[in-house]
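S.K.:
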Amino acid sequence: MSEPKGHSDTTHRDPLPSLELEPGLLYASLTYRGDLASWNWAFFVPNPSVSPIGSSGTVFHVINDADMNGEWKFEMESKDVVSSPLVVAVVRLADVGFLGGYEDVVGADSLLPIFKTVAIPKIGSSIHPAEFSSRTWFLDAIGALHDCGVVTCDDVWLLEREIRRCAFSAMDKYLENKGWTAFRSEHCS
0 MSEPKGHSDT THRDPLPSLE LEPGLLYASL TYRGDLASWN WAFFVPNPSV SPIGSSGTVF
60 HVINDADMNG EWKFEMESKD VVSSPLVVAV VRLADVGFLG GYEDVVGADS LLPIFKTVAI
120 PKIGSSIHPA EFSSRTWFLD AIGALHDCGV VTCDDVWLLE REIRRCAFSA MDKYLENKGW
180 TAFRSEHCS
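Residue numbers (numbering that gives the first Met the number 0): 0 to 188.
1. As an exercise, report each continuous alpha helix (DSSP H) stretch of at least 4 residues that is fully enclosed by the region 120-162, in chain order.
2. Going by DSSP in three states, Pro22 sits in which element: helix, strand or coil?
3. Could you give the DSSP three-state label for Lys177: helix, strand or coil?
4. Name the two residues that bound the continuous beta strand (DSSP E) containing Val87.
5. Please determine if the region 79-90 and the region 22-29 are in contact, where contact requires at least 3 C-beta pairs separated by less than 8 Å.
6. Let me make sure I understand the geometry here. Which of Tyr101, Val95, Lys121, Asp34 has the alpha-carbon closest to that of Asn46?
7. According to DSSP, simplified to helix, strand and coil, what is Leu29?
8. Would you please state the rounded distance, in angstroms, between the beta carbons of Lys78 and Val58? I believe it to be under 8 Å.
9. Along the alpha helix (DSSP H) that carries Asp103, what are the first and last residues, could you check?
10. Compute the beta-carbon to beta-carbon distance between Ala41 and Ser133, rounded to the nearest angstrom, for a pair I have assumed lies under 8 Å.
11. Give me the DSSP bridge partner(s) of Asp64.
12. Report all residues from its chain with a CB closer than 7 Å to the CB of Asn68; omit the five preceding and five following residues, and keep chain order.
13. When you compare each of Thr180, Val155, Asp154 to Ala166 by their alpha carbons, which one comes out closest?
14. Can you grab the Cα-Cα spacing for the pair Val104 / His145, in whole Å?
15. Within the same chain, show all residues whose beta-carbon is closer than 7 Å to that of Ile52, passing over the 5 residues directly before and after it, in chain order.
16. Any idea what DSSP makes of Ala118, helix, strand or coil?
17. Taking Leu110 and Ser184 to be in contact with their CB atoms under 8 Å, please state how far apart those CB atoms are, rounded to whole angstroms.
18. What separation, rounded to the nearest whole angstrom, lies between the Cα atoms of Asp8 and Ala169?
19. Compare the Cα-Cα distances from Leu157 to each of Phe182, His186, Thr135 and report the closest residue.
20. Is it the case that the Cβ atoms of Ile113 and Ala143 are separated by a distance below 7 Å?
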């Protein structure tokens, strides 16, 4: 019997529920970008009013916009993470329920202003394009979330290594068309 798409990996971290994510939580979502060792990094907050949880929610990330001459920009959008064919790994980061309900968390007065404080280089800036990525933005955003008391992450470097290990361990299953794998972070809460 084949395993269902998108399930927990019990050998790497504490497992998350099988085909659903949990409400009131902030997740890291890593999506395939055509390279076995490099992913697009984003934050995801699932909308608890849509079942299964994770089939609708808000993604916060930066994209390299080809329409803007390759300039990076911040984007907030509604997405279905659990059914996405590009999601490799989903990592539970922290409980953000203390910020309010879903609309409060993803609204204009909660996570959004924190994410907007994270620097994004403009064309011609002193930051070389090779030094910026969705991963570096994500890690800077973790620092901002930590500074604002939204998450506790005492070592962003260890968190990065942990999330990369999760994604690497999820790649075999992903490449066999078996979907994403869910993990629980030990370095962020």
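Glycine included, every Cβ here is placed at the ideal spot set by N, Cα and C.
M.R.: So, from the listed chains and residues:
1. Within the region 120-162, the complete alpha helix (DSSP H) segments of 4 residues or longer fall at 133-146, listed in chain order.
2. Coil.
3. DSSP places Lys177 in coil when its eight states are reduced to three.
4. In this chain, the beta strand (DSSP E) harbouring Val87 covers 86-94.
5. Taking one beta carbon from each stretch, the region 79-90 and the region 22-29 have 3 or more pairs nearer than 8 Å; the two touch.
6. Taking each of Tyr101, Val95, Lys121, Asp34 in turn and checking the Cα distance to Asn46, the smallest one comes out for Tyr101.
7. Leu29: strand per DSSP, three-state reduction.
8. Your pair Lys78 and Val58 checks out as a contact, with CB atoms roughly 5 Å apart and the cut at 8 Å.
9. Residues 101-105.
10. Contact check for Ala41 and Ser133: beta-carbon distance about 7 Å, within the 8 Å limit, so the pair qualifies.
11. According to DSSP, Asp64 shares a beta bridge with Glu70.
12. The residues are Ile122.
13. Checked all of Thr180, Val155, Asp154; the closest Cα to Ala166 is Thr180.
14. If I take the Cα positions, the gap works out to 16 Å.
15. Closer than 7 Å at Cβ, skipping near neighbours: Glu19, Leu20, Glu21, Pro22, Pro45.
16. Taken through DSSP and simplified to helix, strand or coil, Ala118 comes out as coil.
17. In this structure, Leu110 and Ser184 do not form a Cβ contact; the two beta carbons are roughly 17 Å apart against a cut-off of 8 Å.
18. Bear in mind that a pLDDT of 41 at Asp8, under 50, signals an unreliable position, so the number given afterwards is only what the model happens to contain. The C-alpha of Ala169 is placed about 8 Å away from the C-alpha of Asp8.
19. Comparing Cα positions, the closest option is His186.
20. In this structure, the beta-carbon distance from Ile113 to Ala143 falls below 7 Å.
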